[in-house]
Each structure stands twice: as structure tokens, then as C-alpha cells.
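The numbers in the sequence shown follow my numbering, run straight up by one, and end at 538. As C-alpha cells, the structure follows; a few thoughts come after it.
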Amino acid sequence: MTSTCSECGALKIAEEEPNLLIPATTSWTLARCQKLAKSNEPPNAAEAAFLRAVVPDTAARLACLEQEISRLKERLAVLETERAELADYQSQNAAILSPLRRMPSELIAEIFSWSLPTIDEMDGDRSDVKKSPWALAQVSSRWRNISLSTPSLWSMVQVWGKRIDDSAIKLVRMQVERARKLKVHFYASEDGDSAMQVTLFDFLSEHAPRWEEFSVQLTPALAPRLDALRGRLPSLQRLWIQWDNAGNHIGDAPIKCFETAPSLLDVGMTDQAGALLAVPFPTHRLTSYRLQGRWDMHQRILTTAPNIVEAGIQILTSNAEASWPETGGPAIDLSRLRRLYVDHLEVLDYIRAPQLDEIAIWMDEPAGVVDRLDSFLLRSSCITLRQIYFNGLPHVGTTVEVLKKHLSITSLVLSFGATEEENTVAFHDHLSVLSVQNDAASIASPHLAEISLGFPTSNPIDYPLCLQMLQSRRKHPSCALTTATFVAVEGPGPDLVTLAAMKELGDGGLDVLVRLGSEAQKHMDRWMYACPWI
């Protein structure tokens with residue numbers, strides 16, 4: 005069927021043939037046109053005349069359609085403009101009614117504090133104005149006023165000596181002006197501009213009475229500048245010192261500026277060359293320390309630090325064999341010690357810790373571990389030990405024997421940090437022992453409530469095997485397991501099938517945690533009581 009266009013008068017074929025426009029049609033002309041359109045056959049004279057008559061009507065109809073489309077586009081543009089204006093108006097009104105406008109400034113400031121990046125998240129080269137707290141001051145006038153009036157947001161000052169420039173110094177000066185207390189992390193570098201590093205450190209030293217935390221990486225140029233801090237650190241609570249270049253030394257003059265810091269509670273030092281061993285500091289107030297040095301240095305600190313709660317005792321490898329005195333004298337009484345890390349078992353021969361809750365031990369060979377630990381716990385009359393952590397190359401026989409003898413231990417942590425082959429063997433040995441064999445009436449260490457396994461190396465974790473171990477223990481009626489943690493600095497996480505099965509265990513009451521990459525490293529650092537604030 006056909007109809008007539010009301011505007012141009014051209015005849016239109018019905019909707020079933022919308023692309024053909026002719027003045028009049030019969031069944032044979034329509035069929036013939038369709039045939040010609042689908043082939044290269046030329047039309048005869050009559051057909052050509054017929055088609056030529058169609059052209060004017062087609063052009064007229066096309067012009068009509070173009071005009072209608074143009075009109076509709078103009079109308080659409082008007083509607084889109086109106087929509088955009090209404091959307092802006094709606095957003096404006098919603099913003100005015102936002103509960104955030106009625107939120108107390110104190111609560112917003114608290115939220116701001118949770119947005120601050122950790123030291124690991126901060127840029128290693130310079131301050132990043134795109135991160136909190138700098139970004140907060142650029143959102144609105146109210147946010148700017150709140151951020152500028154909250155000194156704690158600006159207290160963390162981190163300086164990386166490799167790339168100090170004028171803009172970095174400017175930002176540090178602005179931070180110091182806005183802060184009340186300061187947490188200074190100054191990582192000097194011999195690869196950076198020494199003069200700029202000294203200039204910026206001298207500026208920060210002018211505000212030393214406001215320092216609560218101070219971690220520093222020393223260089224020969226920076227070390228002498230510490231003298232200016234003596235007697236000017238009344239608020240300093242936490243201190244960490246390390247050396248940029250192990251082949252260098254700090255010179256003949258000892259660093260004594262920290263021995264008069266009255267509020268110092270937490271001290272840490274690391275230096276492979278032993279250049280920092282003579283740095284004195286007040287020990288009677290210490291609650292936490294982590295040092296690497298000769299045993300006589302640790303001994304001097306421990307005998308004068310009755311309030312120690314957490315200790316990381318590392319012995320310089322070059323001095324390990326020569327630094328152990330004769331045993332038999334009174335043990336150093338650490339009555340408040342709760343967490344202890346030792347990288348040499350000999351340390352346990354000289355101390356007593358009746359309230360010890362957690363112990364971490366570096367293990368490279370099993371010899372003497374059980375006997376020394378037994379002797380230490382017996383001497384300490386310690387019945388509170390809850391967690392044991394074997395780091396390095398845990399030996400399955402030692403692990404089993406320790407757990408059998410000391411039923412107070414409910415948390416087992418194992419970190420496999422040896423060669424890939426050794427790690428694989430030790431890992432599988434432990435999973436085999438911890439798993440419940442088919443139809444077994446007994447279970448190894450049923451009192452264990454927590455099991456944690458970690459790899460600081462490139463070894464991948466065999467998650468399906470770990471899953472089998474967890475499932476076998478959970479099925480046993482005597483099992484006390486409530487938490488399992490797997491951490492791997494490198495390698496993939498569990499496959500989807502294993503992950504789903506772990507979630508099913510979680511739904512059944514077993515907390516299963518998996519940590520990868522940098523989060524895994526942080527987790528293992530906590531196991532060894534590494535400094536949490538640097």
C-alpha cells in the first residue's frame with residue numbers, strides 16, 4: 005500500500021518497504037525494481053523512464069526529512085540544556101542538604117586523621133600535595149579551615165635526602181608551622197645534595213623540643229649536626245637510628261644527644277658496621293628496644309631497663325662467637341617482658357622473663373633449640389608463653405617437641421626464609437604433621453588455636469595443601485583451631501576453588517586470612533616485633 009507525504013506530496017510505500025519511494029506501483033513494477041536493485045542488469049527504456057520519474061519525488065521527500073530532523077535536533081538541544089541546568093540545581097540543593105554540612109568539625113578532623121598515608125605509602129622522593137593532608141585543604145573553605153586548625157594532621161614530616169629541592173624545603177616549613185608536635189623521619193643519603201640536607205635538618209633542629217618521634221638515617225655530613233639536639237628533646241618518646249653506608253663511620257666523637265631525653269620509651273638501632281654501638285640513651289624508662297650489636301651492649305641495656313616490655317635482640321654476626329661470657333651468674337631479671345625476638349639462642353642463657361607471652365626465634369639449625377628453650381622457661385618459671393615463632397628454617401621435629409612440652413602455646417607461627425628447596429621440604433613436613441590423617445584418633449597439638457605460615461622469599465604457597473590441613477583439623481572433635489593466616493611476599497594467592505573452600509571454612513567459624521605483597525611483609529615484621537612506626 006502507498007500513502008502521500010503531507011508536506012511534499014510524494015507518494016510513499018507502506019512501512020513494509022520504507023526504502024522505496026515511487027509515484028505509483030503495481031505488483032509487476034515493484035517486483036521488477038527489486039530484481040534490478042539486486043543485479044547489474046540494465047533497465048529497458050520503459051523501466052528507465054519509470055525510474056526517472058521517481059527521482060524528483062525522492063528528492064522532495066529527502067528534503068522534507070532533513071528539515072524535520074533539523075527541527076528535532078534543535079528541540080533536543082533545548083531539552084538537554086534544560087536537563088543539565090536541572091541536574092546542577094538538584095546537585096546544588098542536595099549538597100546544601102548534605103549531612104556533612106551539619107557534621108561537627110571535630111568529627112571531620114577525626115575522619116581526616118584516618119586518611120593520612122602511612123610512611124610506606126608516602127612518596128620516597130618528595131612530599132605529594134595530591135595526598136592527605138595537602139589535598140584536604142583544597143576541597144572547600146571549611147575543609148581548609150578544619151585541616152589547618154588540626155595540628156596533628158601535619159605532624160608527620162618525612163624527608164628523603166636523595167631528592168631534596170627548594171619546593172620540598174618549602175613544604176616542610178609549611179608543615180612545621182601548622183603542626184604542634186612533630187614526628188620527624190629524616191633519611192639522609194650520600195647520593196643527595198649534602199648542603200641542602202644539612203640546611204633542612206638544621207631548620208628541623210630548631211623545633212626539636214616539639215619532636216615526639218625521630219627516625220634518622222645518618223651520613224658523615226649529618227652526624228655532627230646531632231650535637232645541637234642535646235638537652236633539647238623533652239618530648240621525644242621514640243627513636244630509630246640507622247647508617248646510610250655500612251662502610252662508613254660516624255667519626256671519633258660519640259653521639260650523646262639522646263642520653264638526656266627524659267621521655268624516651270622506644271629505641272631502635274641498626275648498623276651492620278657497628279658504628280652506632282656507642283650511642284648512649286636513658287634506659288631506665290625504656291619499654292621497647294630493638295638493637296643490633298654485641299651481647300655486652302645488650303647486657304648493659306637490659307640490666308638497667310627494668311620496664312622493658314618488648315625487646316628485639318640481634319647479635320652482630322662478626323661478634324657472635326666471641327661475645328658470650330661464662331654462664332653461671334645471676335640471670336638478668338626482665339619481670340615485665342612480654343614479647344622477645346632473638347636471632348641467637350645463646351641470649352636465652354642469660355635472661356629471665358616470668359611474664360613472657362610471645363617469643364620469636366631465628367632458626368638456621370635445630371640443635372639446642374629445645375634444650376635452651378626448656379632451660380630458659382624453667383629458669384623463668386614462665387607459664388604464660390602463648391605464641392612461638394620460628395623464623396628462618398623451622399625444623400619439624402623441633403616444632404613438634406616444643407608444642408608437646410609446652411601446652412600453654414596456643415599460637416604457632418612459622419616463616420620459611422631459607423633456600424627454595426629447603427623451604428619446600430620444611431613446609432610440607434610441617435603440613436603433614438599438622439594434618440589429621442584419615443581415621444586418626446589423635447591430633448597433633450590439638451590445643452593450637454592459631455596457625456600462621458609465611459614466606460618472605462619467592463616460594464609459592466601450596467594453598468590446596470594448606471586447605472586440606474585446615475579441613476582435616478576442623479573435622480576433629482578435639483581441635484581448638486580458630487584462626488589460620490597465610491602470608492607470601494611474592495607469588496599468587498589461592499585459586500578460586502580453594503578460595504571458595506576457605507570462605508566456607510570462614511562461614512563455619514574458622515578465620516582464614518591471606519596476606520600478599522607489602523601487606524605480607526608488614527605482617528611478618530609484626531611477628532618479629534619490628535619497629536611499627538617507621
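We treat Cβ as the ideally placed atom computed from N, Cα and C, and that holds for glycine.
Within the stretch 448 to 497, the beta strand (DSSP E) runs of at least 3 residues that lie entirely inside it are, in chain order, 454 to 459 and 487 to 492. Listed in chain order, the alpha helix (DSSP H) elements of length 4 or more contained wholly in the stretch 336 to 411 are 373 to 384 and 400 to 409. Here the alpha carbon of A430 sits roughly 8 angstroms from the alpha carbon of F420. Under the DSSP definition of a beta bridge, H189 partners with Q162 and S219. Under the three-state reduction of DSSP, F420 is assigned to strand. Bounds of the beta strand (DSSP E) holding R242 are R242 to W247. Between the stretch 220 to 231 and the stretch 514 to 522, the count of Cβ pairs shorter than 8 angstroms is below three; the stretches do not touch. Collapsing the DSSP output to three states places D511 in a helix. With a cutoff of 9 angstroms on beta-carbon distance, F207 and I173 are scored as near each other. Q303 and Y467 have their C-alpha atoms some 43 angstroms from each other. Taking I336 as the centre and dropping the five residues before and after it, the same chain places the C-beta of Q303, L306, T307, Y354, I355 and R356 closer than 8 angstroms to its C-beta, in chain order. Contact between the stretch 256 to 274 and the stretch 231 to 244 is present: 3 or more CB-CB pairs across the two stretches fall below 8 angstroms. Contact check for L240 and L268: beta-carbon distance about 6 angstroms, within the 8 angstroms limit, so the pair qualifies. In this chain, the alpha helix (DSSP H) harbouring S198 covers S198 to S209. Nearest in C-alpha terms to W328, of all of G297, L344 and P358, is G297. A distance below 9 angstroms separates the beta carbons of K166 and S193.
Taking a C-beta distance under 9 angstroms as the contact criterion, H434 and L457 qualify as a contact pair. P155 is positioned such that its CB atom lies closer than 9 angstroms to that of K185.
Distances from the CA of S144 to each of E125, Q162, S119 and L104 were compared; the closest alpha carbon is that of L104. With a threshold of 16 other beta carbon atoms within 10 Å, E362 meets it and is buried. When C-alpha distances from E114 are compared across S153, A422 and D231, the shortest belongs to S153.
Closest in alpha carbon position to G510, among I317, G235 and T487, is T487. Here DSSP, grouped into helix, strand and coil, assigns D499 to coil.
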